[in-house]
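Taking it in order: structure first as structure tokens, then the write-up.
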Amino acid sequence: MKNYYFALALALALLVNPGLICADDSGGSTESPTSGKPNILFIFADDLSFDSVGCYGNAEVSTPSIDRIAASGATFDRAYNMGGWNGAICLASRAMLNTGRSLWRAQELDQVLREHRRNETKYEGRLWSQQMEDAGYSTFFTGKWHVSAQPVDVFNNVRNPRGGMPNQTPEGYDRPHEGQEDVWSPSDPKFEGFWKGGTHWSEVVFTDADTFIANAKSSDDPFFMYIAFNAPHDPRQSPQEFVDMYPQENVIVPDNFMARYPYQDEIGCGENLRDARLAPFPRTPYSVRVNRQEYYAIISHMDEQIGRILDVLEETGMDENTYVIFSADHGLACGHHGLIGKQNMYEHSMRVPLIVSGPGIEAGQRLDAPVYLQDIMPTTLGIADAPVGDEVEFQDLLPIINAEVDSKYESIYGAYVDLQRMIIRDNIKLIAYPKVPVLRMFDIENDPLEMNDLATNPEFAGLRDELFNELADLQLEMGDKLDLRAAFEAVETR
Numbered sequence: 003m004k005n006y007y008f009a010l011a012l013a014l015a016l017l018v019n020p021g022l023i024c025a026d027d028s029g030g031s032t033e034s035p036t037s038g039k040p041n042i043l044f045i046f047a048d049d050l051s052f053d054s055v056g057c058y059g060n061a062e063v064s065t066p067s068i069d070r071i072a073a074s075g076a077t078f079d080r081a082y083n084m085g086g087w088n089g090a091i092c093l094a095s096r097a098m099l100n101t102g103r104s105l106w107r108a109q110e111l112d113q114v115l116r117e118h119r120r121n122e123t124k125y126e127g128r129l130w131s132q133q134m135e136d137a138g139y140s141t142f143f144t145g146k147w148h149v150s151a152q153p154v155d156v157f158n159n160v161r162n163p164r165g166g167m168p169n170q171t172p173e174g175y176d177r178p179h180e181g182q183e184d185v186w187s188p189s190d191p192k193f194e195g196f197w198k199g200g201t202h203w204s205e206v207v208f209t210d211a212d213t214f215i216a217n218a219k220s221s222d223d224p225f226f227m228y229i230a231f232n233a234p235h236d237p238r239q240s241p242q243e244f245v246d247m248y249p250q251e252n253v254i255v256p257d258n259f260m261a262r263y264p265y266q267d268e269i270g271c272g273e274n275l276r277d278a279r280l281a282p283f284p285r286t287p288y289s290v291r292v293n294r295q296e297y298y299a300i301i302s303h304m305d306e307q308i309g310r311i312l313d314v315l316e317e318t319g320m321d322e323n324t325y326v327i328f329s330a331d332h333g334l335a336c337g338h339h340g341l342i343g344k345q346n347m348y349e350h351s352m353r354v355p356l357i358v359s360g361p362g363i364e365a366g367q368r369l370d371a372p373v374y375l376q377d378i379m380p381t382t383l384g385i386a387d388a389p390v391g392d393e394v395e396f397q398d399l400l401p402i403i404n405a406e407v408d409s410k411y412e413s414i415y416g417a418y419v420d421l422q423r424m425i426i427r428d429n430i431k432l433i434a435y436p437k438v439p440v441l442r443m444f445d446i447e448n449d450p451l452e453m454n455d456l457a458t459n460p461e462f463a464g465l466r467d468e469l470f471n472e473l474a475d476l477q478l479e480m481g482d483k484l485d486l487r488a489a490f491e492a493v494e495t496r
């Protein structure tokens, strides 16, 4: 009799609300509360300058897969990294990205994370991927981590985490010298590096991503994939077919080539800097061509793996509900201004590609709003409909993409240890070298290669001083403890 009354009550309820037929035991829908959220695929390169990607105007390099993302979404033309507190700029960049904090506050938290790691204790805060997990996402990581926390502690799924860079060998430095045999080869596995383990690390990243996507297809949970290539960081290695795409004699030497940068030692880019020793001092057009040849080759090889990941996503049918975000942790000089590394304030090293595509994003957009690459973090939280904590200093990019708001940054700030500072406002960049001391100023819109220094031009003295004072004030806002005014107080040119 009890079953009869239960059945009768259920029948009456269904007449009133037929949707109850899909109810689970808890009275809610059998559909996961997060299953309607979009997936997020974040693809991160290392040492990739904006001017080494086809869709940013470089006709020399072949990057059809990155260009493919750009064609389907929004490309930011003025995206920057904020700098670094040591020579490993990638460490600071990734710390900012995963904590949401600006440079010097990210450094403070990085020290806390290091202490927890040393003591094998748990950090009680929540990093980026953990916040995505809290929002109902299955989180996955493969590739370069370089954050002072264990990836297995902050992602649901981890495959092949890598350190800051593949191993370099003595043969990979101070090369090549024109007229001398070059014993190092980017395609020879005996030098290990990206070849260590038997399969090129970029191809391992593809395989890991492929496996996760295949498994994610049968899951109700949305995914957050953090795909971090070590490429194109040195040692710049790739299969020979990619090196052959760029005969060194055809590689263009940048117009701002210099044999030596005039302040290289005072700004920390002299022969004591590891990156700087990759090519001989003084720089030569030949050594720059070879370094750029190998740079382009590993970029194109990485691009091929990115294309394979995008293909797999399309084959599963999940691309329609997936945001794809592509960027890099910072740029690289690779022969510009007599510099080889990324420890400088020039556009080639501070500015990165940043592309966002996905549901509802108008294809083929070009945006000139000044942004930081670390804006990616709150952007994904916005996509996930997750709360953004007060400690996050960066901005959601979707309202900018959708033309709802302008960037909140009136000026872009940059710093490298205590040796360099930078501010960009309205396409005018001021660089300060406190140990020289000297100021440099460039109109990056009309002088994109930063060859015409306006700092000593009397016509621009007022603007120079205005930017200098704004930079000094911005330092305080950023928690920067370098007293720039004291360093320059006796400089008459200011």
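In our numbering, each number is its position in the sequence shown, counted from 1, plus 2.
Built from N, CA and C at the ideal position, the CB exists for glycine as well.
As the structure is a prediction and not an experimental result, all values here were calculated from the model.
*Indicate whether P188 and Q239 have their beta-carbon atoms separated by less than 7 Å.*
In this structure, P188 sits near Q239, with a CB-CB distance shorter than 7 Å.
*asked:* Taking the alpha-carbon of I91 as reference, which of A81, F78, L105, D79 has the nearest alpha-carbon?
replied: Cα-wise, what sits closest to I91 is L105.
*Inside the stretch 58-132 only - alpha helix (DSSP H) runs reaching at least 4 residues*: DSSP runs (the alpha helix (DSSP H)) wholly in the stretch 58-132: 66-74, 91-101, 105-121.
*Out of curiosity, what's the CA-to-CA distance linking L441 and A211?*
Roughly 46 Å between the two C-alpha positions.
*State yes or no: is the C-beta of I45 within less than 7 Å of the C-beta of V55?*
For I45 and V55, no; Cβs fall outside 7 Å.
_Could you compute how far the alpha carbon of E491 sits from the alpha carbon of I433?_
Within the model, the alpha-carbon separation for E491 versus I433 is close to 16 Å.
*Report the residue from G319, P450, F462, L484 whose alpha carbon sits nearest the alpha carbon of I215.*
The shortest C-alpha separation from I215 is found at G319.
*Inter-residue Cα distance where the pair is N169 and D48*: N169 and D48 have their C-alpha atoms some 15 Å from each other.
*Secondary structure at P355, three-state DSSP: helix, strand or coil?*
In the structure shown, P355 adopts extended strand secondary structure according to DSSP, grouped into three states.
*Based on the DSSP output, what are the partners of M424 in its beta bridges?*
Residue pairing by DSSP places M424 opposite G416, I433 in a beta bridge.
*List the endpoints of the continuous beta strand (DSSP E) containing D445.*
Counting along the chain, the beta strand (DSSP E) containing D445 begins and ends at 440-445.
*Compute the Euclidean distance between the alpha carbons of V354 and T213, then round it to the nearest angstrom.*
Between the C-alpha atoms of V354 and T213 there is a straight-line separation of about 29 Å.
*Between the stretch 180-196 and the stretch 155-169, do three or more beta carbon pairs fall short of 8 Å?*
Because the criterion of three Cβ pairs below 8 Å is met, the stretch 180-196 and the stretch 155-169 touch.
*Can you tell which of S302, F283, R103, S204 has its C-alpha closest to the C-alpha of Y248?*
For the residues S302, F283, R103, S204, the minimum Cα distance to Y248 belongs to S302.
*Check whether the stretch 216-230 touches the stretch 135-149, counting contact only when three or more Cβ pairs, one atom from each stretch, lie closer than 8 Å.*
Verdict: yes, contact present.
_Sub-7 Å separation of L375 and N83 beta-carbons_ = Taking the C-beta atoms as reference points, N83 is found nearer than 7 Å to L375.
*Hey, how far is the Cα of A61 from the Cα of Y298?*
Going by C-alpha positions, A61 is about 11 Å away from Y298.
_the stretch 306-325 contacting the stretch 334-341, beta-carbon criterion three pairs below 8 Å_ = Cβ pair count under 8 Å is below three, so no.
*Would you mind reading off the limits of the beta strand (DSSP E) that contains M260?*
Here M260 belongs to no beta strand (DSSP E), and DSSP marks it neither H nor E.
*For Q242, write down the residues that DSSP places opposite it in a beta bridge.*
BP columns for Q242 are empty, so no partner.
_Same chain, Cβ closer than 6 Å to E33, five either side skipped, listed in chain order_ = The predicted model places E33 with a pLDDT of 36, which falls under 50 and marks its position as unreliable; any figure quoted below should be read in that light. None.
_Buried/exposed call for F377, threshold 16 Cβ in 10 Å_ = At residue 377 the sequence reads Asp, which differs from the Phe that was named. Around the beta carbon of D377, a 10 Å sphere encloses 16 or more other beta carbons of the protein chains shown; the residue is thus reported as buried.
*With a threshold of 6 Å, establish whether the CB of P237 neighbours any heavy atom of the ligand ATP.*
As far as ligands go, the structure on display features none, and thus does not contain the ligand ATP.
*M379, enclosing alpha helix (DSSP H) - first and last residue*: Start and end: 378-385.
*Quick check: the stretch 274-290 against the stretch 253-262, are there 3 or more CB pairs under 8 Å?*
Taking one beta carbon from each stretch, the stretch 274-290 and the stretch 253-262 have 3 or more pairs nearer than 8 Å; the two touch.
_Euclidean distance between Cα positions of K483 and E268_ = One C-alpha to the other measures close to 19 Å.
_Can you tell me which residues form a DSSP beta bridge with A47?_
Answer is A330, bridged to A47.
_Min CB distance M443 to chain D below 7 Å_ = Chain labels in this structure do not include chain D; a single protein chain is all it has.
*Pick out whichever of A386, S329, I425 has its Cα sitting closest to the Cα of Q477.*
Comparing Cα-Cα distances from Q477 to each of A386, S329, I425, the minimum goes to I425.
*Can we say the stretch 127-135 touches the stretch 197-209, given the rule of at least three CB pairs closer than 8 Å?*
Segment contact: the stretch 127-135 against the stretch 197-209, fewer than three CB-CB distances shorter than 8 Å; contact not assigned.
*Determine, using beta carbons only, whether I300 and A230 come nearer to each other than 7 Å.*
No.
*Quick one: what does DSSP say P282 is sitting in, helix, strand or coil?*
Judged by DSSP in its simplified three-state form, P282 adopts coil rather than helix or strand.
*Can you check whether the CB of V156 is closer than 7 Å to the CB of Q132?*
Against a cut-off of 7 Å, the Cβ pair of V156 and Q132 comes out as a contact.
*Closest to A330 by CA distance: which of K146, F283, P439, E296 is it?*
Taking each of K146, F283, P439, E296 in turn and checking the Cα distance to A330, the smallest one comes out for K146.
*Under the rule that 16 or more other beta-carbon atoms within 10 Å means buried, what is A365, buried or exposed?*
By the 10 Å Cβ count, A365 comes out exposed.
*Can you give the Cα-Cα distance for N121 and S220, rounded to whole angstroms?*
So the alpha carbons of these two residues sit roughly 39 Å apart.
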